[in-house]
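Those letters in the sequence shown? Residues 2 to 192, per the working numbering, in order.
The beta carbon of each residue, even a glycine, is placed where N, CA and C say it ideally should be.
Beneath this line is the structure, given in structure tokens, with notes to follow.
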Amino acid sequence: MLCVMKEKSYSCNTCKERFGRRWNADRHNSTVHSDMAIIFNNKTGSISKHKETTQRYDNPRNIYQKSPSYKRFKEMKNNFSPFRKDDLEMEEELKIISIFGKLKQPFEDLEKLLSDNPENIKIKLLSDMVIYSLTSSNPVKSLQEEIELCQSLSSRQKIIECVSKGNSLTPGQTYAYLNGLIKNGRYYKRK
Ligand SMILES: [Zn+2]
């Protein structure tokens, strides 16, 4: 017979698999057992420990990288780290969106209150109010204060118009007259 099977003289101590060539056995040790197994030469009985293997074991970092805790760490890093990052970004995104949601009511109220103004002035006022509110510690409260101010100004305008017509006064005279009444009243002093 020309075809001669090479005798499998190397064996793995861990799974008892046999190999004809040393490099095959070493590769098996490396891929299957992470170099933890010992390869025997059955003929000579000598323990075949790969030179590289020994060197790798001498390096503490490589020993650490074979430890279960490192494997768990790697697993966690691969599986959960990107997820956690997404999760955190999503959490931030939701927080920001919810703040926009809280601004909805005051923003729409202001939009209505400013609707008497020309469109470009209304837009500019609204835009400034929103930006200013977002720099404050409480944007919702800040916009609500703007609403109160707008309502007060609108109310003052209507009252001055009414009183000036009812008493044949100019708006300027009415304004001074009403201011005086308010300042001298008990209600103002109490506030
Ligand atoms: Zn094996």
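Assigned exposure category for residue i - 16 Cβ within 10 Å defines buried
i      : result
Ala177 : exposed
Lys190 : exposed
Tyr1   : Outside the shown range of the chain (2 to 192) lies residue 1, about which nothing can therefore be said.
Pro107 : buried
Thr13  : The amino acid at residue 13 is misidentified as Thr; the sequence shows Cys. Its Cβ being crowded by 16 or more others within 10 Å, Cys13 is buried.
Pro119 : exposed
Pro1   : Since the first residue of the chain shown is 2 and the last is 192, residue 1 is not available in this structure.
Met91  : exposed
Ser169 : exposed
Gln56  : Since pLDDT at Gln56 reaches only 49, below the 50 mark, its modelled position is unreliable, and no value is offered.
Ser134 : buried
Three-state secondary structure (DSSP) of residue i
i      : result
Ile40  : strand
Cys13  : strand
Arg22  : coil
Lys190 : helix
Thr55  : The predicted position of Thr55 is uncertain, since its pLDDT is 49 and thus under 50; a value taken from the coordinates is nonetheless stated next. Residue state, collapsed to three classes: helix.
Nearest neighbour of residue i, chosen from the options [CA to CA]
i      : options                       : result
Met37  : Thr45, Asp27, Gly46, Lys44    : Asp27
Thr45  : Arg157, Lys184, Val164, Lys9  : Lys9
Arg23  : Leu126, Asn43, Cys16          : Asn43
Asn139 : Cys163, Ile183, Phe101, Glu93 : Phe101
Ile183 : Arg157, Ile48, Glu162         : Arg157
Lys103 : Glu18, Leu89, Arg187, Val131  : Val131
Cβ-Cβ separation, residue j to residue i (assumed contact under 8 Å), whole Å
i      : j      : result
His29  : Phe41  : Between Phe41 and His29 the Cβ distance is about 13 Å, and since that is not below 8 Å, they are no contact.
Asp110 : Ile160 : 21 Å between Cβ atoms; not a contact.
Interface flag, residue i vs chain B, CB-CB below 7 Å
i     : result
Pro69 : Annotation note: the requested chain B is absent from the structure, which comprises a single protein chain.
Touch test, the segment 106-126 against the segment 145-152, Cβ-Cβ under 8 Å, three pairs minimum: yes
Segment contact, 8 Å Cβ cut-off, at least three pairs: the segment 165-183 with the segment 136-144: no
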